[in-house]
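The opening residue of the sequence shown carries number 1 in UniProt numbering; numbering runs sequentially from there.
Where is the CB? At the ideal position from N, CA and C, for every residue including glycine.
Report on the following structure.
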Amino acid sequence: MTTYFFWFDLLGVAVFAVSGTLAAWRNQMDGFGVIVLASVTAIGGGTLRDLILDVPVIWINNNSYFYAIFIAAVATILLVRNRLTIPNNTLQILDAIGLAFFVIMGTQKALDYGTSTLVAIMLGTMSGVCGGMIRDVLCREIPMVFRGELYAVTCLVGGGVYTSLLALGAGQLSAMLAGMSALLLLRLAAIKWQITIPVFGKHHNELNEP
């Protein structure tokens with residue numbers, strides 16, 4: 001399973017690096033901005049998770065993560081330069097795919113270090129959302145997790161499916177794929193049909209004074 005974890009982790013890093021590169025392109029950043037945004041999107045969440053777990057940050061002794069970021073960013077730049085139009089929802093779809101990888105990987109890593117199931121799901125969610133939050137803040141946007149369609153809820157569902165199947169005795173790879181699929185399908189459905197959790201309705205820009 002160690003091999004599966006490694007490659008799933010690299011795939012998640014690459015996908016998030018692509019989403020960070022697209023965000024940099026959309027905001028007309030220079031080459032340095034592209035690399036910074038691709039990197040923080042790809043490894044920001046995992047870094048914060050490892051710091052909370054008080055374990056070595058995963059990329060410190062493994063250059064493979066930076067190779068994956070660089071290759072993904074360069075490939076995206078070449079694609080964008082040769083294609084004038086990118087569908088509006090491309091960033092959201094790639095972000096959803098990255099979530100599917102990172103949430104499950106983060107949940108399993110937390111379990112490996114002895115956390116409770118609930119804490120593992122929370123840290124898995126953090127692994128998935130924090131990189132995108134940093135990306136959006138650097139782009140001076142409200143983070144995707146705080147607006148629009150279901151986001152963090154899909155992470156909790158994916159982590160819940162994964163840990164529940166493990167508790168029921170399912171194989172780790174099968175549980176992993178099921179958790180990723182549940183998260184990805186729910187997130188894509190939320191994007192397509194604009195499923196939200198409404199709290200505040202439409203309101204005026206200023207609060208009504210008594």
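Cβ-based neighbour list, residue i, same chain, cut-off 7 Å, excluding 5 preceding and 5 following
{"i": "M176", "result": "I104 and Y162"}
{"i": "A152", "result": "T125, V129 and V145"}
{"i": "V13", "result": "A42, I43, Y65, A68 and I69"}
{"i": "V80", "result": "W25 and I86"}
{"i": "I97", "result": "V15 and L184"}
{"i": "G160", "result": "I121"}
{"i": "M133", "result": "P143 and V145"}
Same chain, Cβ closer than 8 Å to residue i, neighbours up to 5 away in sequence not counted
{"i": "L150", "result": "L186, R187, A190, I195, T196 and I197"}
{"i": "E141", "result": "none"}
{"i": "W51", "result": "Note on residue identity: the sequence assigns Leu, not Trp, to residue 51. Answer for L51: V57, listed in chain order."}
{"i": "L156", "result": "I121 and T125"}
{"i": "S174", "result": "L165"}
{"i": "A170", "result": "A178"}
Heavy atom of the ligand FAD within 7 Å of residue i beta-carbon
{"i": "M176", "result": "Summarising the ligand content, the structure contains no ligands, and the ligand FAD is consequently not present."}
Contacts around residue i, its chain only, beta-carbon distance under 6 Å, and the 5 residues preceding and following it disregarded
{"i": "W59", "result": "I43 and Y65"}
{"i": "G111", "result": "The amino acid occupying residue 111 in the given sequence is Leu; Gly does not appear at that position. Result list for L111: A120, in chain order."}
{"i": "V18", "result": "A72, T76 and L94"}
{"i": "G158", "result": "V103, G179, A182 and L183"}
{"i": "N89", "result": "none"}
{"i": "G31", "result": "none"}
{"i": "P87", "result": "none"}
{"i": "N27", "result": "C139"}
{"i": "G33", "result": "A24"}
Whole-number beta carbon distance between residue j and residue i, since they are thought to touch under 8 Å
{"i": "R135", "j": "T21", "result": "The Cβ separation is near 10 Å, so there is no contact."}
{"i": "I69", "j": "A38", "result": "5 Å"}
{"i": "G46", "j": "S127", "result": "5 Å"}
{"i": "F5", "j": "Q92", "result": "Not really, about 26 Å apart at Cβ, beyond 8 Å."}
{"i": "F16", "j": "G131", "result": "6 Å"}
{"i": "R49", "j": "L165", "result": "Not quite, the Cβ-Cβ distance comes to about 21 Å (not below 8 Å), so this is no contact."}
- Item | Segments of 3+ residues assigned as beta strand (DSSP E) that fall wholly inside the UniProt domain "Glycine transporter" (93-164) | none
- Message: With a threshold of 8 Å, are at least 3 pairs of Cβ atoms found where one atom belongs to the stretch 9-17 and the other to the stretch 83-102?
- Response: yes
- Ignoring anything shorter than 4 residues or poking outside the stretch 51-94, list the alpha helix (DSSP H) runs there in chain order. The stretch 51-94 contains these whole alpha helix (DSSP H) runs: 64-81.
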